[in-house]
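**Student:** One structure coming up, written as structure tokens, with questions to follow.
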């Protein structure tokens, strides 16, 4: 039978000798604690190891958006992009399928000046952006779609949008390619990114039984003192968790070629 969030939490409560719950929305302390900690601990366990059921592969999209001449107001030098989510000082470059507004140019670094959540202006240097010294856009009567491609400030050439279910990167398609994650973006010199990553799996029917048991042990370990005020029980559960984690990782890694993976702080503290 497939597991569920409640079943996993009840497995943890049983390990503590505590009464089971019927729902995470129950008003008792046990349910409230489980509800508060479940998602956090699930994601922490997922991040700690490249579980086979949680591996994702995706071709990433460049961090960019499109505007047209009609989005440009020459009188105020503003460009409209609803919900652009950008901040002042971000670097960008422009490309177009037609003619850029005057005097904007291709292959040139510009810096964004946020006006509000839906409008921005452009500056020629990052300092001008912070000072509010913007480019005077004198004409926007060309044609085509104008792409704003956001760029890292330095060191890397491109930045990409991470998958919505991203938890932790493992590697790019070419294992030798360098990348880093900053500010919720993937930075690299690559012109194309194929990312192997750990994804956030919320559907408990996809978990294997060993992951269920590990997660139950993590929850029991986390709730042991708040519920039963027992340091000795916490130590016992911690020891069981350490052993189980070693066994499960070993078994999981045998299905296919093992990926090189740097353990996180949580995993290091338990091994």
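Numbering (this note's numbering), first residue to last: -3 to 267.
A virtual CB, placed ideally from N, CA and C, is assigned to each residue, including glycine.
No experiment lies behind these values; they were computed from the predicted model shown.
#1: Curious, which full-length beta strand (DSSP E) runs of at least 3 residues does the region 53 to 115 contain?
#2: To the nearest angstrom, how far is the alpha carbon of residue 176 from that of residue 187?
#3: By the three-class DSSP mapping on this structure, what secondary structure does residue 186 have?
#4: Taking the Cβ atom as the reference point for each residue, do residue 211 and residue 41 lie within a distance shorter than 9 Å?
#5: Determine the DSSP secondary structure at residue 162, reduced to helix, strand or coil.
#6: For residue 106, which residues from the same chain have a beta carbon less than 8 Å from its beta carbon, with the 5 sequence-adjacent residues on both sides left out?
#7: Suppose the cutoff is 7 Å on Cβ atoms and the five residues either side in sequence are ignored; what does the same chain contact list for residue 198 look like?
#8: Excluding the five sequence neighbours on either side, which residues of its own chain have a C-beta within less than 7 Å of the C-beta of residue 266, listed in chain order?
#9: Give the range of the alpha helix (DSSP H) segment to which residue 147 is assigned.
#10: Which same chain residues end up closer than 7 Å to residue 217 when comparing Cβ atoms and leaving out the 5 residues on each side of it in sequence?
#11: Please go through the same chain and pick out, in chain order, the residues whose beta-carbon is closer than 8 Å to the beta-carbon of residue 37, but skip the five residues on each side of it.
#12: On the CB-based measure, 16 or more other CB atoms within 10 Å of its CB, does residue 78 come out buried or exposed?
**Tutor:** In this structure, then:
#1: Fully enclosed beta strand (DSSP E) runs of 3 or longer: 60 to 63, 74 to 76, 87 to 92 and 106 to 112.
#2: 15 Å
#3: coil
#4: Closer than 9 Å, so yes.
#5: strand
#6: 87, 88, 89, 90, 100, 118, 119, 120 and 131
#7: Correct list: empty, nothing qualifies.
#8: In this prediction, residue 266 has a pLDDT of 43, which is less than 50 and means its spatial position is unreliable; nothing more can be read from the coordinates.
#9: No alpha helix (DSSP H) holds residue 147; the beta strand (DSSP E) holding it covers 142 to 147.
#10: 230, 233, 234 and 237
#11: So the qualifying residues of the chain are 211, 214, 215 and 218.
#12: exposed
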